[in-house]
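**Student:** Protein chains in written order, with the working numbering: chain B, 1 to 311; chain P, 1001 to 1365.
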């Protein structure tokens, strides 16, 4: 979104920069672009945040262009080439069925993104809606919603996800559902807290006086203001989601073989740990790098979007 | 001058900048203000915990009877189990029966071990508790000094190193780290023993009085077994401690920074106190109180985090029990384990909140 500034040709940059930094924005869109650009300037000056962006960018690119980056589909077996050590031909070696570990990592990034994306799409809006309703409506609605949220907050996350998957049966979709149901509650709390701070503001009162419906106030006045906190929290939570998903995969409860899910790859590679170390080690490094990327990106976004937290 | 700090901890739930864990019990911290509220919160949480496990165990499986008796059971057995579970009754009544059973400690029988689930849990729980306790202890002993050092040398090399270690601790999949550690220290270097709690040939020598092998063997004077148990504990507890110390160091650092920027620190320095006295006797004292909550959170999360570690290190704890039961479709055992870990998790957090109230005079008012 905000990397617009970098993709502009050098010649146009002078004029554009002036436009982006002018003190009197001509329109709402202009002001919005300026805001974004300023955020980007803060963000890009932070090397840690940029490192995170780089890692996540690489993950997205890898997942998108997987067919171009690999010669197979990561599933096809070449038994003649089984357990080959890393070499020029197989960068990360091959596994027990002769599948190239590098290719499986690349294809596996799609599964990682799929899990993370799907959980995010379920969890953020759910938490947001529950939180802003509780915060804005107040009274017994607030009480009931927040009690339910508290119950979910109080749960050990991995164990609950395990129990859910145990009841639903192993599989990628069930793992996503189990993770989502144990992840949404902090978002509700954040959204509620944000709503409470703005619910009595004058601009909300103005909207009420103009006759705006509750739904309209919630959706177009309150929700946008909660978005930045939710985005920061979501990015930071992504690392945790990846670790839980990999844990479920490792236990054989997530994506099922032959899908190249990273946690499952560690699990099947376990028996080759001592003699063919690369089989279980490489997927672990992939998980570590990506979850580190989300942590770094989240820290950076927090500094930009949530200056109150100070640093 | 330091009045804002207690609210900072309890207000953590509202801030997106905190680590996920810190938000979990923020509401409890507030609730503990009044004893009646505490009881109410515990009650609500317990009802919620049992309701969700009830739904998982009885409502979500397509056929809960089949899940228990297996598909080769005769029609009579099936019918008997159907009635025993009370599936002919309305859902709310079923939940009520389930709830009264749980309160009495009756989780049904485990298919895998053919013993009551509660007996199994009592056997397996100490191993988990021992592992989590040692790991928390290591996390405190390493994490707190790290956090203090990072705060004192803010922005310098020490701070960056602590930050990187912390980042690693948050981001690394523990089960993978455990495998790599086994590869290096057990398989390649041979410095440490492999999986398990003690060597097989020591099994059954120490009578399980408390269930904690370190305590039992020490009490019975079996020092050889004690040493063996310690050497087996090193790797798994180090893995768990990685996460613990990352979290503790990060929080210690930010608490310390809060304190070091206060005016009373300047006063102390102006008075000519040594830097050691300023840091440890003045600033750290105030941090100590806030750390109790953090340590409670860590301890509770390790109780849960041990699931994957136990799988890697063949540690006969509750995590391994749950995962093994899971693969034997032993729903009673899974649910029982989940409830017990859940109660432990909630209990430890409650306890740390109460402790916090006791230690902090400001919070007592």
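Glycine included, every Cβ here is placed at the ideal spot set by N, Cα and C. This one's a predicted model, so the numbers in the text were calculated from it and none came from an experiment.
1) Alpha carbon to alpha carbon, how far is residue 302 of chain B from residue 164 of chain B?
2) Please tell me whether residue 1253 of chain P and residue 1117 of chain P are closer than 8 Å, where the distance is taken between their beta carbons.
3) Quick check: the region 1338-1349 of chain P against the region 1286-1306 of chain P, are at least 3 beta-carbon pairs closer than 8 Å?
4) CB residue 175 of chain B to CB residue 245 of chain B, shorter than 8 Å?
5) List the endpoints of the continuous alpha helix (DSSP H) containing residue 1084 of chain P.
6) Give every residue of the same chain whose Cβ lies closer than 7 Å to the Cβ of residue 1158 of chain P, excluding the five residues on either side of it in the sequence, and list them in chain order.
7) Check the Cβ of residue 239 of chain B against every Cβ in chain P and list those closer than 8 Å, keeping chain order.
8) What does the alpha-carbon distance come out to for the pair residue 276 of chain B and residue 96 of chain B?
9) For residue 164 of chain B, return the contacting residues in chain P, with the cut-off set at a CB-CB distance below 7 Å.
10) Rounded to whole angstroms, what's the CA-CA distance from residue 310 of chain B to residue 1355 of chain P? Just pull it up for me.
11) Using DSSP with H/G/I as helix, E/B as strand and the rest coil, what is residue 1210 of chain P?
12) Using a threshold of 8 Å, state whether the C-beta atoms of residue 167 of chain B and residue 1057 of chain P are closer than that.
13) Grab me the residues of residue 1028 of chain P's own chain with a C-beta within less than 7 Å of its C-beta, minus the 5 sequence neighbours each way, in chain order.
14) From which residue to which residue does the alpha helix (DSSP H) around residue 278 of chain B run?
15) Going by beta carbon distance, what residues of the same chain come within less than 6 Å of residue 1147 of chain P, once the five residues before and after it are set aside?
16) Whose Cβ in chain P lies nearer than 7 Å to the Cβ of residue 104 of chain B?
17) Find the residues of chain B that neighbour residue 1053 of chain P, judging by a C-beta separation of less than 8 Å, and give them in chain order.
18) Applying the criterion that 16 or more other CB atoms from any shown protein chain within 10 Å of the CB defines a buried residue, is residue 68 of chain B buried or exposed?
19) Under 8 Å, Cβ to Cβ, is there at least one residue of chain B near residue 1256 of chain P?
20) Listed from N- to C-terminal order along the chain, which residues in the region 109-123 of chain B have their beta-carbon within a distance smaller than 8 Å of any beta-carbon of chain P?
21) Thinking C-beta only, is residue 159 of chain B closer than 8 Å to residue 1307 of chain P?
22) Output, in sequence order along the chain, the residues in the region 280-295 of chain B whose CB is closer than 9 Å to any CB in chain D.
23) Give the interface partners of residue 247 of chain B over in chain P, defined as CB-CB distance under 9 Å, in chain order.
24) Assign residue 1116 of chain P to one of three DSSP states: helix, strand, or coil.
25) I believe residue 1340 of chain P touches residue 1121 of chain P by the beta-carbon criterion, under 8 Å. Please report the beta-carbon distance rounded to the nearest angstrom.
26) The alpha helix (DSSP H) with residue 179 of chain B in it runs from where to where?
27) Using 8 Å as the limit for Cβ to Cβ distance, is residue 1266 of chain P near chain B?
28) Assign residue 94 of chain B to one of three DSSP states: helix, strand, or coil.
29) According to DSSP, which residues form a beta bridge with residue 150 of chain B?
30) Give me the residue from P:1334, P:1360, P:1297 with the minimum Cα distance to residue 1109 of chain P.
31) Could you check which residue in P:1276, P:1177, P:1318, P:1065 has the C-alpha nearest to that of residue 1084 of chain P?
32) Please return the same chain residues whose Cβ sits closer than 7 Å to the Cβ of residue 194 of chain B, not counting the five positions on each side in sequence.
33) Return the CA-CA distance between residue 221 of chain B and residue 127 of chain B, expressed in angstroms with no decimal places.
34) Where does the unbroken alpha helix (DSSP H) through residue 123 of chain B begin, and where does it stop?
35) As a quick exercise: from P:1262, P:1309, P:1107, P:1090, pick the residue whose alpha carbon is nearest that of residue 1286 of chain P.
36) Just how far apart, CA to CA, sit residue 294 of chain B and residue 242 of chain B?
**Tutor:** Walking through what the data contain:
1) The alpha-carbon atoms of residue 302 of chain B and residue 164 of chain B are separated by roughly 32 Å.
2) Contact: no.
3) As far as the Cβ criterion goes, the region 1286-1306 of chain P touches the region 1338-1349 of chain P, which means the pair count is three or higher.
4) A Cβ-Cβ contact shorter than 8 Å links residue 175 of chain B with residue 245 of chain B.
5) Where residue 1084 of chain P is concerned, the enclosing alpha helix (DSSP H) stretches over 1075-1084.
6) Here residue 1158 of chain P has 1149, 1150 as same chain residues with Cβ atoms under 7 Å from its own Cβ, once five neighbours each way along the sequence are excluded.
7) Near residue 239 of chain B (Cβ distances below 8 Å), the residues of chain P are 1170, 1171.
8) Straight-line Cα distance between these residues: approximately 9 Å.
9) In chain order: 1056.
10) Its pLDDT being 45, under 50, residue 310 of chain B is placed unreliably by the model, and nothing is read from it.
11) Residue state for residue 1210 of chain P is assigned as coil, using DSSP reduced to three classes.
12) In contact: residue 167 of chain B and residue 1057 of chain P (Cβ atoms closer than 8 Å).
13) Model confidence at residue 1028 of chain P stands at a pLDDT of 48, short of 50, so the residue's coordinates are unreliable and nothing is read from them.
14) Annotation: the continuous alpha helix (DSSP H) that includes residue 278 of chain B extends over 278-305.
15) 1249, 1252, 1253.
16) Around residue 104 of chain B, no beta-carbon contact reaches into chain P at under 7 Å, the shortest distance being about 16 Å.
17) In chain order: 163.
18) Residue environment analysis places residue 68 of chain B among the exposed positions, since fewer than 16 neighbouring C-beta atoms fall within 10 angstroms of its C-beta.
19) Closer than 8 Å: no.
20) Closer than 8 Å at the C-beta level to chain P, one finds no residue of the region 109-123 of chain B.
21) The answer is yes: Cβ separation under 8 Å.
22) The structure shown has no chain D; the protein chains it does contain are B and P.
23) 1173, 1174, 1175, 1307, 1308, listed in chain order.
24) Residue state, collapsed to three classes: strand.
25) Indeed, because the Cβ distance is near 5 Å, the residues count as touching under 8 Å.
26) Where residue 179 of chain B is concerned, the enclosing alpha helix (DSSP H) stretches over 172-181.
27) No, because no Cβ of chain B sits closer than 8 Å to the Cβ of residue 1266 of chain P.
28) DSSP places residue 94 of chain B in strand when its eight states are reduced to three.
29) As far as DSSP is concerned, residue 150 of chain B takes part in no beta bridge.
30) Comparing alpha-carbon positions, the option among P:1334, P:1360, P:1297 lying closest to residue 1109 of chain P turns out to be P:1334.
31) The residue from P:1276, P:1177, P:1318, P:1065 with its alpha-carbon nearest to that of residue 1084 of chain P is P:1065.
32) For residue 194 of chain B, where only same-chain residues beyond five positions count, the Cβ hits under 7 Å are 225, 226, 229.
33) In a straight line, the C-alpha of residue 221 of chain B is about 17 Å away from that of residue 127 of chain B.
34) Residues 101-137.
35) The shortest Cα separation from residue 1286 of chain P among P:1262, P:1309, P:1107, P:1090 belongs to P:1262.
36) Our two residues, residue 294 of chain B and residue 242 of chain B, have alpha carbons roughly 10 Å apart in a direct line.
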